[in-house]
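A short worksheet on the structure shown next.
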Amino acid sequence: QKEVEQNSGPLSVPEGAIASLNCTYSDRGSQSFFWYRQYSGKSPELIMSIYSNGDKEDGRFTAQLNKASQYVSLLIRDSQPSDSATYLCAVNLYSGGYQKVTFGTGTKLQVIP
Amino acid sequence: DTEVTQTPKHLVMGMTNKKSLKCEQHMGHRAMYWYKQKAKKPPELMFVYSYEKLSINESVPSRFSPECPNSSLLNLHLHALQPEDSALYLCASSRLTGAEAFFGQGTRLTVV
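Below, the structure is given as structure tokens:
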């Protein structure tokens, strides 16, 4: 089992719809979870951090965390063509006595005008 | 200010060259990272520095040599690279290891 798993997509949604991106992780001890957006040829940009079970909202973005199910998701409301990018889920894992952030393979989102 | 600055933005080097990548942050972060990213793949962790000490080396070949001269600077020294080392090299920093990390714009490296 991979440490952090995402569906690679592409996930296509029409403009104005809700995009739902999902991520599962293997380490029950993980405490920190991050969503990054990466446009083609650019570096990852942090869009959300979540540390507690439940929902966290920031503008059009909502991150959801369920530690019992080892599941974290990102909802993008009122999707815009400018949201078209690869979304990377990142999880803080403990490995060999150290904390390190491990990325999923990313989900490519396409917002269709 | 969440800015991490990397130089150069692009680098072409021969297999016998020695070059260095530089990274700087002024956010007071005590953890700094080097990642390597190939096309259509996620960033792959190479090194982690915590309080200016190397804490993680993800079995990176010795032709890559990291250095952390002070809490704001991180270098990656390159020597005798192979064409397969061509990639986007990303520097990131966070308040502490495991906290949310902010990335620089990356150095696009091509080894010829």
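Heads up: the sequence lines are chains B and E, in that order. If you use this note's numbering, the first sequence corresponds to residues 1 to 113, in order. If you use this note's numbering, the second sequence corresponds to residues 1001 to 1112, in order. All C-beta atoms in this analysis are idealised placements derived from N, C-alpha and C, irrespective of residue type, glycine included.
Tell me where the beta strand (DSSP E) around residue i begins and ends.
i	result
E/M1046	E1044 to S1050
E/L1021	K1018 to Q1025
B/R37	F33 to Q38
B/K100	Y98 to F103
E/S1055	K1053 to N1057
Assuming contact is defined by CB atoms lying nearer than 8 Å, are residue i and residue j in contact in what I supplied?
i	j	result
B/V103	B/V13	Going by the sequence as given, residue 103 of chain B is Phe instead of Val. No.
E/G1106	E/Q1025	no
B/L74	B/L21	yes
E/S1059	E/V1048	no
E/A1031	E/S1071	no
Closest to residue i by C-alpha separation, out of the options, would be which residue?
i	options	result
E/A1039	B/G106, B/P113, B/E45 and B/F61	B/G106
E/L1011	E/A1087, E/A1101 and E/R1095	E/A1087
E/R1063	E/E1052, E/D1085 and E/F1103	E/D1085
B/D72	B/Y87, B/L46 and B/A63	Contrary to the premise, residue 72 of chain B reads as Val rather than Asp in this sequence. Among B/Y87, B/L46 and B/A63, the Cα nearest to that of B/V72 is on B/A63.
B/N92	B/C23, B/Q31 and B/S26	B/Q31
B/K67	B/S26, B/G97, B/T86 and B/G41	B/S26
B/I18	B/G96, B/R60, B/Y98 and B/L65	B/R60
B/I76	B/K2, B/V111, B/Q6 and B/R28	B/V111
Would you say residue i lies against chain B (beta-carbon separation less than 8 Å)?
i	result
E/V1048	yes
E/F1102	yes
E/P1043	yes
With DSSP as the reference, please indicate the residues paired to residue i in a beta bridge.
i	result
B/D55	B/Q64
E/A1092	E/Y1033 and E/F1103
From the beta carbon of residue i, is the nearest beta carbon of chain E less than 8 Å away?
i	result
B/L21	no
B/Q70	no
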